[in-house]
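With full-length UniProt numbering, letter number 42 in the sequence shown gets 42, and the count goes up by one each step, no holes.
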Amino acid sequence: TPAPTKPIETTGFYRVSHFSVRRRYLVIALVAVLAIPAIAVALTVPTTYDVTQGLPSSLPSVQAQQQLDSAFGSNQLYPTYVLVQDPSGYLLPNGQISPAGAAQLNATATHILTFSGVKSAIGPYVSGNRTTSATKSAAATFIFDNGTWAYWAVFTNYNPFTNPA
Numbered sequence: 001t002p003a004p005t006k007p008i009e010t011t012g013f014y015r016v017s018h019f020s021v022r023r024r025y026l027v028i029a030l031v032a033v034l035a036i037p038a039i040a041v042a043l044t045v046p047t048t049y050d051v052t053q054g055l056p057s058s059l060p061s062v063q064a065q066q067q068l069d070s071a072f073g074s075n076q077l078y079p080t081y082v083l084v085q086d087p088s089g090y091l092l093p094n095g096q097i098s099p100a101g102a103a104q105l106n107a108t109a110t111h112i113l114t115f116s117g118v119k120s121a122i123g124p125y126v127s128g129n130r131t132t133s134a135t136k137s138a139a140a141t142f143i144f145d146n147g148t149w150a151y152w153a154v155f156t157n158y159n160p161f162t163n164p165a
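If you want it as structure tokens, here you go:
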């Protein structure tokens with residue numbers, strides 16, 4: 001035999017829903033009072049992806065991160081990735097880069113190097129701080145998703161956690 005159940009009116013969910021229906025304006029006011037400060041904080045507190053920012057500088061992990069940053073530079077540890085899509089694709093049916101794809105990739109590589117703050121890049125037709133006449137097969141290593149996407153790793157003069165980056 002099934003266990004006896006208590007009446008639905010005595011459950012917590014019923015009581016809360018019944019209260020919110022009877023006192024709907026109070027519930028709306030309470031939600032507004034809680035939402036306004038939450039929205040204000042979300043709009044005014046700066047966003048950062050620096051995981052060490054709020055930690056004490058005496059922690060070994062923070063000190064190790066600072067050593068890595070000073071030895072290699074933050075931009076070497078956290079490059080910016082540029083992804084460019086060409087729906088028609090960069091590749092020919094045989095897997096080689098098409099002439100139009102090569103021209104577009106070379107133009108994009110040249111354009112990436114023109115941005116202020118860009119120190120160097122790695123990708124199709126660019127190595128370091130200059131474009132290359134790399135073989136098409138070398139450029140193809142940076143092309144993926146059936147030849148419709150290409151990517152570059154871009155290294156800047158800025159710490160990646162600062163506003164200029």
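Don't be surprised by glycine CBs; every beta carbon is placed ideally from N, CA and C.
These numbers were taken from a predicted model, which means no experiment stands behind them.
By alpha-carbon positions, which one of the options ends up nearest to residue i?
i, options, result
"residue 88", "160, 17 and 147", "147"
"residue 145", "91, 109, 8 and 98", "91"
"residue 84", "111, 67, 162 and 96", "111"
"residue 151", "140, 158, 8 and 160", "140"
"residue 116", "156, 130 and 133", "156"
"residue 78", "49, 95, 54 and 142", "49"
"residue 103", "44, 95 and 124", "124"
"residue 138", "121, 97, 162 and 149", "97"
"residue 82", "108, 100 and 25", "108"
Give the range of the beta strand (DSSP E) segment to which residue i is assigned.
i, result
"residue 127", "126-128"
"residue 156", "149-156"
"residue 123", "118-123"
Identify the continuous alpha helix (DSSP H) that holds residue i and give its terminal residues.
i, result
"residue 108", "99-114"
"residue 8", "Note, residue 8: premise wrong, no alpha helix (DSSP H); not H, not E."
"residue 27", "24-44"
Apart from the five residues just before and just after residue i, which ones in its own chain have a Cβ nearer than 7 Å to its Cβ?
i, result
"residue 118", "112, 154 and 156"
Is the beta carbon of residue i less than 8 Å from the beta carbon of residue j?
i, j, result
"residue 62", "residue 55", "yes"
"residue 106", "residue 158", "no"
Looking only at its chain, what residues have a beta carbon closer than 8 Å to the beta carbon of residue i, apart from the 5 residues adjacent to it on each side?
i, result
"residue 20", "27"
Excluding the 5 residues flanking residue i on each side, which residues of the same chain have their C-beta closer than 6 Å to its C-beta?
i, result
"residue 129", "120"
Which ranges does the alpha helix (DSSP H) cover as unbroken runs of at least 4 residues, wholly within the segment 47-95, from first to last along the chain? Runs found: 60-72 and 74-77.
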